[in-house]
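K.L.:
Here it is, the structure, as C-alpha cells.
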Ligand code: HEM
C-alpha cells in the first residue's frame, strides 16, 4: 500500500513506534522538499534525536561546534590521494590478522572480522599507529558505537515523558563505554597536544605534525572561536570517538553486505572472477602499489559496491528531517499543510526496490551501474554519485554524507585485497538481515575462507 502512494506521488503518514507520526515523502518530491532552507526543514536536531546525542555527549561544546565534521568534509576528502598507501597497508595488515595467512580452509565471522579490518584502516588515517593496530582500542571504539546506536533506538521507543528517567541510563552506559575507549586514546591525544603546542612555539623543533584526522581536529580547535575550551584533551578525544561512531558501523555494514551479496550468486556467472581480474589488472598496471589511478580503475568493483548499497539500505524509512517553520510547509498533491515540528522521512527501501527505476529491482546485478556495454562510456555511475534514486549516502546537497569519498576508497581497497588474497566459499542462500523497527542489522554469518598463496 505505501508503495502505491509513493508511485502515485502522494505523501502519506505512518505511525512509528520510535518517532511518532511521520510524513513519508514520495521520490518525485525529494528535490523540492529536501532542498528547502534549514530554517524551514531542519536536519541536525532530528539527527541528534535519532542518535540521542545530547544523552551520549552531554558536553554542549561538542554538538554546538561540529569541528570534526569540517575535518571529514575538507581535510579528509582533500587528502585522499595522499592517504591511499596508509589505507592499503592497514587493510592488508587487518586481513592478515583477522583472516590469517593459512592456505587451508577455515571459518571466520564476517561481521566481527570486517569491523576490525575496516576500523583499523580508518584509524590508520584518523590517528595512526599504535592505536590503529591496537585491537583493544578498536573493539572499545566499536562497543561505543554499537551502544549508542542500540541505546538510542531503545530510548526512542519510550514516550518522551520518560526520557528524563531513561536518558540518564543511556548517558551512564555510553559514558562507561566512552571511558573504556578513551583509556586508550587519551594518552595519545594528550601527548599530541603537547607536541603541537611546542611545535607552534618552536616551528624548527624536530617534530612535524602528522597528516591525520586527530591533527586536523586539533588544527580546527586552534582556529575555533574558543581554542582554550576546545583544546581540552577529553573534548579532542571525544571528537575522535565521534568520527569513529559515524564511520565505523556504516562502512563495515557495507563491506559485510558486499561479501554476502557477491558470494551468494551463482558461481557459474563468474562475477567474482571478473572482479578479481579487474583488481589484478589495476594493481599490476600500478606496479603492485595502490595509487589514485589504480583505485579509479576499479569501476566494476565500484558498481558492485553501489549495487550492494542499493539492495541493503539501512532501513525502510531513512533520512529524517523536521519541519521547523512556524507556518509549516506545503507539498505537492496534498491539501494538508504539514505543521511545524512534524517529522518527515523517505521511503528509501521502496525507492531502491522500485522496478520502474531499476529494472528487475529485486535482482542483485553487481554490474548494474557499469554494464559492460557502457564500460567505456560516461554512463558508469560511481557509488559516490548521488541522485534521488540512490539514497544510501543521503540526498544530493549540503547534508549528504561527507565521508563517502573516504568510505568508497576503504571499500574498494578492502574488496581488492580480499579477492586477490583469499578464496571464499559460496553461500547456499543470501542470509537475511535482521529487521528491528525501521532499521536493518547485519546478521551474524560465518564464511569459509583460505589464503590463495
Ligand atoms: C558506507 C559507509 C557510509 C554510509 C552508507 C554513510 C551514510 C550516511 C548517511 C545516509 C548520512 C546522512 C545524510 C543525511 O541525513 O542526509 C551520513 C551522514 C554523515 N556521515 Fe556518513 N556514511 C558512511 C561512511 C561515513 C564515513 C567513513 C564518515 C567519516 C569518515 C562519515 C561521516 C558522516 C558525517 C559526519 C555525517 C553527518 C553530516 C552532517 O550532518 O553534516 N560517513 N552518512
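Numbering (the numbering used here), first residue to last: 1 to 453. All C-beta atoms, glycine included, are put in the ideal place defined by N, C-alpha and C.
Assign residue 308 to buried or exposed, taking buried as 16 or more other Cβ atoms, counted over all protein chains shown, within 10 Å of its Cβ.
P.N.:
Locating residue 308 in the chain shown gives position 308, counting from the first residue. Looking at its Cβ environment, which holds 16 or more other Cβ atoms inside 10 Å, residue 308 is buried.
K.L.:
For the candidate residues 6, 7, 21, whose alpha-carbon lies nearest to that of residue 477?
P.N.:
The first residue shown for the chain is 1 and the last is 453, placing residue 477 beyond what the model contains.
K.L.:
At what residue ranges does the segment 316-365 contain a whole run of the beta strand (DSSP E), taking only runs of 3 or more?
P.N.:
Counting whole runs of 3 or more residues, the segment 316-365 contains the beta strand (DSSP E) stretches 318-323, 343-346.
K.L.:
Is the segment 424-442 touching the segment 253-270, taking contact as three or more C-beta pairs under 8 Å?
P.N.:
Output reads yes: the segment 253-270 touches the segment 424-442.
K.L.:
Select from 299, 79, 217 the residue whose C-alpha is nearest the C-alpha of residue 370.
P.N.:
Here residue 370 corresponds to residue number 370 of the chain shown, with the count starting at 1. Nearest of 299, 79, 217 to residue 370, Cα basis: 299.
K.L.:
Fully enclosed by the segment 213-241, which alpha helix (DSSP H) runs are 4 residues long or longer?
P.N.:
For the segment 213-241, whole alpha helix (DSSP H) runs of length 4 or above, ordered along the chain, are 213-222, 227-230.
K.L.:
Does any residue of chain D have a CB that is nearer than 8 Å to the CB of residue 142?
P.N.:
Absent from the structure is chain D; it holds one protein chain and no more.
K.L.:
For ligand 1, is there a heavy atom less than 7 Å away from the beta-carbon of residue 56?
P.N.:
Counted from its first residue, the chain shown places residue 56 at position 56. It does not: the Cβ of residue 56 is nowhere closer than 7 Å to a heavy atom of ligand 1.
K.L.:
Look at the alpha carbon of residue 215 and the alpha carbon of residue 122, and state the distance between them as a whole number of angstroms.
P.N.:
For the purposes of this step, residue 215 is identified with residue 215 of the chain shown, where counting begins at 1. For the purposes of this step, residue 122 is identified with residue 122 of the chain shown, where counting begins at 1. Their Cα atoms are separated by approximately 15 Å.
K.L.:
With distances taken Cα to Cα, identify the nearest neighbour of residue 131 among 440, 185, 53, 152.
P.N.:
As a position in the chain shown, residue 131 is number 131, starting the count at 1. Minimum Cα distance to residue 131 is reached at 185.
K.L.:
Which same chain residues end up closer than 7 Å to residue 195 when comparing Cβ atoms and leaving out the 5 residues on each side of it in sequence?
P.N.:
As a first step, residue 195 must be located in the chain shown, where it is residue number 195. 207.
K.L.:
Taking the CB atoms as reference points, tell me whether residue 213 and residue 93 lie closer together than 8 Å.
P.N.:
Along the chain shown, read from residue 1 onward, the residue named residue 213 stands at position 213. Along the chain shown, read from residue 1 onward, the residue named residue 93 stands at position 93. Cβ distance not < 8 Å, so residue 213 and residue 93 don't count as in contact.
K.L.:
Quick one: grab the DSSP three-state call for residue 375.
P.N.:
Your numbering for residue 375 matches position 375 in the chain shown. The pLDDT assigned to residue 375 is 49, lower than 50, so where the model puts this residue is not dependable, and the model offers no usable value.
K.L.:
Can you tell me which residues form a DSSP beta bridge with residue 423?
P.N.:
Working through the chain shown from its first residue, we reach residue 423 at position 423. Its beta-bridge partners are 450.
K.L.:
Pick helix, strand or coil for residue 175, following the three-state DSSP scheme.
P.N.:
Taking the chain shown and counting its residues from 1, one reaches residue 175 at position 175. Helix, per DSSP.
K.L.:
Taking all protein chains shown into account, do 16 or more other C-beta atoms lie within 10 angstroms of the C-beta of residue 268, making it buried, or fewer, making it exposed?
P.N.:
Counted from its first residue, the chain shown places residue 268 at position 268. Residue 268 is exposed by the Cβ-count criterion.
K.L.:
Just how far apart, CA to CA, sit residue 343 and residue 151?
P.N.:
Working through the chain shown from its first residue, we reach residue 343 at position 343. Working through the chain shown from its first residue, we reach residue 151 at position 151. Cα to Cα, the separation comes out at about 21 Å.
K.L.:
Under 8 Å between the Cβ atoms of residue 189 and residue 233?
P.N.:
Along the chain shown, one-based indexing puts residue 189 at 189. Along the chain shown, one-based indexing puts residue 233 at 233. Against a cut-off of 8 Å, the Cβ pair of residue 233 and residue 189 comes out as a contact.
K.L.:
Does DSSP put residue 145 in a helix, a strand or coil?
P.N.:
Counting from one through the chain shown, the residue named residue 145 turns up at place 145. Residue 145: helix per DSSP, three-state reduction.
K.L.:
Could you tell me the distance, in whole angstroms, from the CA atom of residue 7 to the CA atom of residue 355?
P.N.:
What you label residue 7 is simply residue 7 of the chain shown in a count that begins at 1. What you label residue 355 is simply residue 355 of the chain shown in a count that begins at 1. Rounded to the nearest angstrom, the two C-alpha atoms are 11 Å apart.
K.L.:
Indicate the three-state DSSP secondary structure (helix, strand or coil) for residue 385 in the structure shown.
P.N.:
As a working mapping, residue 385 is identified with position 385 in the chain shown. Coil.
K.L.:
Could you say if the segment 88-106 and the segment 273-284 meet the contact criterion of at least three C-beta pairs nearer than 8 Å?
P.N.:
Cβ pair count under 8 Å is below three, so no.
K.L.:
Give me whichever residues DSSP pairs with residue 108 in a beta bridge.
P.N.:
For this step, residue 108 is matched to residue 108 along the chain shown. Bridge partners of residue 108: 447.
K.L.:
Assuming residue 47 and residue 331 make a contact with CB atoms under 8 Å, what is their CB distance in whole Å?
P.N.:
Walking along the chain shown from the start, residue 47 turns up at place 47. Walking along the chain shown from the start, residue 331 turns up at place 331. Not confirmed; about 21 Å, so no contact.
K.L.:
CB of residue 345 to nearest heavy atom of ligand 1: below 7 Å?
P.N.:
As a first step, residue 345 must be located in the chain shown, where it is residue number 345. It does not: the Cβ of residue 345 is nowhere closer than 7 Å to a heavy atom of ligand 1.
K.L.:
Among 117, 239, 361, which one has its Cα closest to the Cα of residue 254?
P.N.:
What you label residue 254 is simply residue 254 of the chain shown in a count that begins at 1. Taking only the C-alpha atoms, the option nearest residue 254 is 117.
K.L.:
By how many angstroms is the C-alpha of residue 386 removed from the C-alpha of residue 395?
P.N.:
Within the chain shown, residue 395 is the residue found at index 395, counting from 1. Within the chain shown, residue 386 is the residue found at index 386, counting from 1. Near 7 Å, if we compare the C-alpha coordinates of residue 386 and residue 395.
K.L.:
Starting from residue 16, follow its DSSP beta bridges and name the residues at the other end.
P.N.:
The residue you call residue 16 lines up with position 16 of the chain shown. 20.
K.L.:
State the DSSP-derived secondary structure class of residue 408, mapped to helix, strand or coil.
P.N.:
Indexing the chain shown from 1 puts residue 408 at position 408. Residue state, collapsed to three classes: helix.
K.L.:
Residues in its own chain within less than 6 Å of residue 448 by CB, not counting five upstream and five downstream?
P.N.:
The sequence position of residue 448 within the chain shown is 448, counting from 1. Correct list, in chain order: 105, 107, 425.
K.L.:
How is residue 170 classed by DSSP in three states: helix, strand or coil?
P.N.:
For the purposes of this step, residue 170 is taken as residue 170 along the chain shown, with counting starting at 1. Helix.
K.L.:
Please report how far the alpha carbon of residue 145 lies from the alpha carbon of residue 170, in whole angstroms.
P.N.:
Locating residue 145 in the chain shown gives position 145, where the first residue counts as 1. Locating residue 170 in the chain shown gives position 170, where the first residue counts as 1. Straight-line Cα distance between these residues: approximately 13 Å.
K.L.:
Excluding the 5 residues preceding and the 5 following residue 328 in the sequence, name in chain order all residues of the same chain whose CB lies nearer than 7 Å to its CB.
P.N.:
Residue numbering aside, residue 328 sits at position 328 when the chain shown is read from its first letter. Within the same chain, residue 328 has close Cβ partners 337, 338, 339, 340.
K.L.:
Excluding the five sequence neighbours on either side, which residues of its own chain have a C-beta within less than 8 Å of the C-beta of residue 168, listed in chain order?
P.N.:
Here the question's residue 168 lines up with position 168 in the chain shown. Same-chain partners within the cutoff: 55.
K.L.:
Terminal residues of the continuous alpha helix (DSSP H) containing residue 63?
P.N.:
By 1-based counting over the chain shown, the position of residue 63 is 63. Residue 63 -> alpha helix (DSSP H) spans 60-64.
K.L.:
Which one of 153, 453, 304, 63 has the shortest CA to CA distance from residue 367?
P.N.:
The count along the chain shown starts at 1 and reaches residue 367 at position 367. When each option's Cα is compared against that of residue 367, the closest is 304.
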